[in-house]
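Following this line, the structure appears as structure tokens:
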């Protein structure tokens, strides 16, 4: 067996303005480099309690079961779904992008009968359609939908949906991967039952954990299961006993350094204050979109439903979009995202999430986009997009 | 919603000599605090290639599918099992401790028919029993067993088992969570088909990733499945496309900082050299066990099958074992492990894994154990255990 020659780790410095990870604050990087406690150390159990309290604050919930799943955002999605779904259960899934599609895949693997409610990518669903489906489909176990669709930049209003679901005996499952910490997420006000997120978006923490909160109603559904949860690793009952104060039954080994990182990133979120943070996300997204209009790029998401944290914009016709992204990375060390699925090659996705949502970054990416388009003989006179953004900042 | 008051992160410094996490080298902590690349950045893809090459070297395999699962060791166990097992498949599981038991739970959740081969906790199985079961049970999909049983400190010889399984058309699944990097793990020589580990044991990396390697035979079984893998997150086919050079199909977001940490910890492992590292683990375990004999503690694992990385010793009769562990943590800031399952209250588990396997640590924990026993009026004259260990070091 030959020993691979792996040199010192010296990655280039990037400005991360893609769909995630977002920029990470130096305080979070420092927290992550703290020497480890054992995962059953009384001092680490205190840290787990603190993280739960912090997560309740950002989720706006009193839910006892509010934890960080030991995996990335997709593990959070799987945990939320496989715990409440049993084979044969009917689940309504709203599909308006890649992450709605992913939900349907997971529902099917859990043995659920998946009823898809399709909407055009970039649009959101009218609650009336959900109500009609609930009436039509008979007993529905859960309604699952995405609050912030990372593949289209659309933001789905959730208000009132919990009540609607409960009137029909269904649970409400919500994906807040790209909204938590950047856009209001009101778990209790929504009456949502299973809500998950990821750490590497608006929380500006490295990827590796998935915040998850379950209502008592969801926990009752878990308790009433006739079959075991298909995943041992993500079994909410066992994970709850591991996180529960006073219990701490050994289940798996929590990713200790990631918990340190999440704790520090949540401290930063709560120091800034949720309202101030949401306002900052709105402000820089609006400035960016003002600049983007000058570039001739239309937003992908429908008017009034644009997600400030993830700005999905259409590539102007005749532009080689991959070449522009390559130019941004090679010449400016800026990462932005391309399109996923049917939107591949048609959109750019610019994340202004958490630490990334700053005026200097808005100007940096607009300038680089202008230059990238200019190299293809496209776009406005250089400086127009930055000027439009600054004009917005001057007004706002 | 009240904002929780969470102070600066200042955990106490611990000497980690429990069943994991083990001590982490400062170079690994530093690597983890490196600013992030995006997970689809070409430079990060190079890093993924490097980690795969490093993992092949420590697993002693040429397997193309050699990756780090985005979860802790238990996620590795679940990934190894749920990818090869389909509902109705017969699986032989050797159970001689908590982690063998966990395998049976996961096999059942995957719909497998689990045939348990029980052995006393601390002992290992004779290949003849596996052969008899293979002959008796008809078509067996897989044989699953634990190389290094963390709950008992027993090390199961694996040589020849792959060939035996293949003669009967079965796959061999091996848990090397507490052996990889500390004890020889020879995936290709064993002809093992699915082998997984954790990062927080002999690799001395924080928990959060699970090294996993699949043979081509295992991949064929995955490809030949009639049903989808029950877990979307752990689906080996999708994960393979994410890790495959030249493909890199977006699946989930890898925990980037943890990959940095694993890369650095594997650099340290390979700089030391596997043979030297194994010898170091044997040496310090032997010295520790010499000291432990002076304390009047017998090893839990049978003679000739003792795992050097995890030393499971019986608590002398009449000793309040929890009080001793509490004393070690409070007065010496040393973490050791208690017993799990039927061994709770009966054994201590002292991990001398990776960076933890050092003479100073052996002496530190022996001295503290002597003092802890003395507080209960037990144990030898103070200094006897350390003297016995030093006597061993002098001889060895």
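Residue numbers (the numbering used here), protein chains in the order written: chain A, 1 to 396; chain B, 1001 to 1396.
Where is the CB? At the ideal position from N, CA and C, for every residue including glycine.
Note that the structure is a prediction, hence the values are computed from the model and not measured.
With a threshold of 8 angstroms between beta-carbons, can residue i be considered close to chain A, or not?
i, result
"residue 1348 of chain B", "no"
"residue 1145 of chain B", "no"
"residue 1310 of chain B", "no"
"residue 1184 of chain B", "no"
"residue 1327 of chain B", "no"
"residue 1213 of chain B", "no"
"residue 1225 of chain B", "no"
"residue 1048 of chain B", "no"
"residue 1256 of chain B", "yes"
"residue 1078 of chain B", "yes"
"residue 1033 of chain B", "yes"
"residue 1381 of chain B", "no"
"residue 1335 of chain B", "yes"
"residue 1043 of chain B", "yes"
"residue 1267 of chain B", "yes"
"residue 1156 of chain B", "no"
"residue 1038 of chain B", "yes"
"residue 1196 of chain B", "no"
Terminal residues of the continuous alpha helix (DSSP H) containing residue i?
i, result
"residue 243 of chain A", "236-243"
"residue 104 of chain A", "98-109"
"residue 365 of chain A", "359-375"
"residue 28 of chain A", "26-32"
"residue 189 of chain A", "187-190"
"residue 162 of chain A", "161-167"
Could you check how far apart the C-beta atoms of residue i and residue j are, in whole angstroms? I think they sit under 8 angstroms.
i, j, result
"residue 265 of chain A", "residue 16 of chain A", "So it is not a contact: roughly 14 angstroms between Cβ atoms."
"residue 1296 of chain B", "residue 1372 of chain B", "Contact doesn't hold; Cβ gap of about 13 angstroms is too wide."
"residue 1245 of chain B", "residue 1049 of chain B", "6 angstroms"
"residue 1306 of chain B", "residue 1155 of chain B", "7 angstroms"
"residue 1175 of chain B", "residue 1077 of chain B", "6 angstroms"
"residue 1153 of chain B", "residue 1299 of chain B", "7 angstroms"
"residue 1143 of chain B", "residue 1165 of chain B", "5 angstroms"
"residue 69 of chain A", "residue 91 of chain A", "Contact flag wrong, Cβ pair sits at about 20 angstroms."
Just list the residues that DSSP pairs residue i with in beta bridges.
i, result
"residue 1016 of chain B", "B:1335"
"residue 1385 of chain B", "Beta-bridge pairing links residue 1385 of chain B to no other residue."
"residue 1211 of chain B", "B:1068"
"residue 962 of chain B", "Absent from the model: residue 962 of chain B. The displayed extent of chain B is 1001 to 1396, so no value can be given."
"residue 1146 of chain B", "B:1175"
"residue 1194 of chain B", "B:1173, B:1214"
"residue 155 of chain A", "A:148"
"residue 395 of chain A", "BP columns for residue 395 of chain A are empty, so no partner."
"residue 113 of chain A", "A:90"
If I follow the unbroken beta strand (DSSP E) through residue i, where does it start and stop?
i, result
"residue 92 of chain A", "90-95"
"residue 1171 of chain B", "1171-1175"
"residue 217 of chain A", "No beta strand (DSSP E) holds residue 217 of chain A; the alpha helix (DSSP H) holding it covers 216-223."
"residue 183 of chain A", "That residue, residue 183 of chain A, is in no beta strand (DSSP E); it is neither H nor E in DSSP."
I'd like to know whether the C-beta of residue i is nearer than 8 angstroms to at least one C-beta of chain B.
i, result
"residue 20 of chain A", "yes"
"residue 232 of chain A", "yes"
"residue 483 of chain A", "In the structure displayed, chain A extends from 1 to 396; residue 483 of chain A sits before or after that span and is not available."
"residue 262 of chain A", "no"
"residue 73 of chain A", "yes"
"residue 3 of chain A", "yes"
"residue 302 of chain A", "no"
"residue 30 of chain A", "yes"
"residue 246 of chain A", "no"
"residue 105 of chain A", "yes"
"residue 109 of chain A", "yes"
"residue 394 of chain A", "no"
"residue 151 of chain A", "no"
"residue 270 of chain A", "yes"
Give me the chain D residues within the contact set of residue i, using Cβ-Cβ distance strictly less than 9 angstroms, ordered along the chain.
i, result
"residue 241 of chain A", "Among the protein chains in the structure shown, which are A and B, there is no chain D."
Starting from the N-terminal side, write out each stretch of the alpha helix (DSSP H) that is 4 residues or longer and does not extend beyond the segment 264-333 of chain A.
274-295, 321-332
If you scan the segment 38-81 of chain A from start to end, which runs of the beta strand (DSSP E) of 3 or more residues do you find wholly inside it?
65-69
Ranges of the alpha helix (DSSP H) found wholly within the segment 1115-1142 of chain B, counting only runs of at least 4:
1127-1136
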